[in-house]
Each structure stands twice: as C-alpha cells, then as structure tokens.
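Asks: Before we start, here is the structure in question, set down as structure tokens.
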Amino acid sequence: MAIVRPMTAVIAMIGMMSFVLLGVVGNDQAVADDKPKEAPGKKYDAWMTVKLVSSQQVLAHLTAGDFKKMGESARRMQFVHHLEQWLRDEDFKNQSGYKAQLHAFEFATNELVRHADDKNMDGSLKSFQLMTESCVRCHQLLRDPVE
Ligand code: HEC
5 MAIVRPMTAV
15 IAMIGMMSFV
25 LLGVVGNDQA
35 VADDKPKEAP
45 GKKYDAWMTV
55 KLVSSQQVLA
65 HLTAGDFKKM
75 GESARRMQFV
85 HHLEQWLRDE
95 DFKNQSGYKA
105 QLHAFEFATN
115 ELVRHADDKN
125 MDGSLKSFQL
135 MTESCVRCHQ
145 LLRDPVE
C-alpha cells in the first residue's frame, strides 16, 4: 500500500537512528560508569541495545495504543533474544537465578505479543511491566550474583 511503505521507511529510519544514537551515547555512558572496561559479555552489547530500543518502542506504542506496532517491536525483541541466547555460552547461563529471569523475560515477551495481537491494553501493559522487571532483575543479578 502507498501509505504503508513510506511509513515503514520512516519507522525503519527512526529505529536505525535510535540504534546509532544509543550505540554512541550508550557507550559513552558505559565508559563513564564505574564498570570494568572488559565487562563480561561486552560483545553482546549490540544485541541488548536492540532490546533496549525495542522495549522503548513498545512503551511508545503502548502509550499511543498502537497494537500493531507494539506487536512488531515485541517480536523483534523476541527474535534478537533467541539469537543472542543461542550465541551466548557464559557460565552464568546455568545459574538458577539467571534462568528464572530468563524465563520471566521470555514469558512476558510472549504474553506481550499475544496481548498485542488481541488488542488487549490491560494485558499488554501488565506484560510490559513484567518484562521490564525481568530486565532490571537480571541485570541486578549480573552485577551482584547470588550463589
Ligand atoms: C536473563 C537475563 C537478562 C535479561 C532478562 C535482560 N538482559 Fe540485558 N544483558 C544481559 C547480559 C548477560 C548482558 C551482557 C553484559 C554483561 O554481562 O553485563 C546484558 C547487557 C545489556 C545491555 C548492554 C549494557 C550493559 O549493561 O552491559 C543493555 C543496554 C541491556 N542489557 C538492556 C536490557 C533490556 C532493556 C532488557 C529488557 C528488555 C534486558 N537487557 C533484559 C542479561 C539480560
């Protein structure tokens, strides 16, 4: 459709620009933080940056009530997540806390896609909240591991 194509191009451009911007700004912040330079999993930052941008897009579409775009952003996150998990082989992958947050994240993202397809605002919002909680909890765990 004539309307869809330019819109898709604009969204793709915004996505790419956010990606580049976050890549630049995000990395500067990481350097400014008290994180060690050779942080484990540094090579996966690009995956996670896509996750961060996608989650921000989900929030934007959630507030706009745009279920179609919300579903697209959630699916992109799912895809990147599975790819990243497939490539990741660190030890912490087998820790129960990490696994728990991983499953919480996967469940919330699946639910987000399902509710977006059903155009269910309450369900989408709840899933988004659960998803962001798993982001924060998993990262908290990585910074401060519980044996
Ligand atoms: C199950 C665990 C887990 C979940 C859930 C998770 N992450 Fe991550 N994330 C990681 C790991 C592992 C890294 C690699 C960096 C490291 O080892 O500290 C990482 C790295 C990142 C980075 C790169 C900067 C940094 O802190 O190293 C960003 C940004 C990020 N994640 C955002 C997110 C967002 C946003 C979500 C939720 C939408 C999310 N993550 C969910 C495990 C997780």
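Residues in the sequence shown are numbered from 5 upward in steps of one, following the numbering used here.
Heads up, the beta-carbon is just placed ideally off N, CA and C, and yes, glycines get one too.
A quick note: this is a predicted structure, and the numbers were derived from the prediction, not measured.
1. For S138, verify whether its CB is less than 6 Å away from any heavy atom of ligand 1.
2. Could you check which residue in D49, L63, A50 has the C-alpha nearest to that of T136?
3. If distances are taken between C-alpha atoms only, which option among T53, D126, H143, H119 comes closest to A104?
4. I need the boundaries of the alpha helix (DSSP H) containing K55, first residue and last residue.
5. Would you call the CB atoms of S138 and F109 closer than 7 Å?
6. How about H65 and K73: are their beta carbons less than 7 Å apart?
7. Whole angstroms are fine: how far does the CA of S77 sit from the CA of K123?
8. Would DSSP call D95 helix, strand or coil?
9. Just the Cα atoms here: how many angstroms apart are L87 and A120?
10. Within 10 Å of its beta-carbon, does S100 have 16 or more other beta-carbons around it, so buried, or fewer, so exposed?
11. Expressed to the nearest angstrom, what Euclidean distance is found between the alpha-carbon atoms of D49 and D148?
12. Given L129, which residues of its chain have a CB within under 7 Å of its CB, disregarding the five upstream and five downstream residues?
Replies: Well, looking at it:
1. To locate residue 138, count along the sequence shown from 1; it is residue 134. It does: the Cβ of S138 is within 6 Å (strictly closer) of some heavy atom of ligand 1.
2. Counting from one through the sequence shown, the residue named residue 136 turns up at place 132. Looking at the Cα atoms, L63 is the closest of the given residues.
3. Position 100 of the sequence shown holds residue 104. Nearest C-alpha to A104: H143.
4. One-based indexing of the sequence shown puts residue 55 at position 51. Counted as a single uninterrupted DSSP element, the alpha helix (DSSP H) harbouring K55 occupies residues 49-68.
5. As a first step, residue 138 must be located in the sequence shown, where it is residue number 134. As a first step, residue 109 must be located in the sequence shown, where it is residue number 105. At the C-beta level, S138 and F109 come within 7 Å of one another.
6. Within the sequence shown, residue 65 is the residue found at index 61, counting from 1. Within the sequence shown, residue 73 is the residue found at index 69, counting from 1. Their beta carbons are under 7 Å apart, which means H65 touches K73 by this criterion.
7. Against the sequence shown, residue 123 aligns to sequence position 119. Against the sequence shown, residue 77 aligns to sequence position 73. C-alpha of K123 to C-alpha of S77: approximately 14 Å in a straight line.
8. By one-based count along the sequence shown, residue 95 stands at place 91. If DSSP states are grouped into helix, strand and coil, D95 belongs with the helices.
9. Position 83 of the sequence shown holds residue 87. Position 116 of the sequence shown holds residue 120. Going by the C-alpha atoms only, they are around 22 Å apart.
10. Position 96 of the sequence shown, counted from the first residue, corresponds to residue 100. S100 sits exposed, since fewer than 16 C-beta atoms from the chains shown fall within 10 Å of its C-beta.
11. Taking the first residue of the sequence shown as 1, we reach residue 49 at position 45. Taking the first residue of the sequence shown as 1, we reach residue 148 at position 144. In a straight line, the C-alpha of D49 is about 19 Å away from that of D148.
12. Translated into positions along the sequence shown, residue 129 becomes position 125. Spatial neighbours of L129 in its own chain (CB-CB distance under 7 Å, excluding positions within 5 residues in sequence) are listed in chain order as L66.
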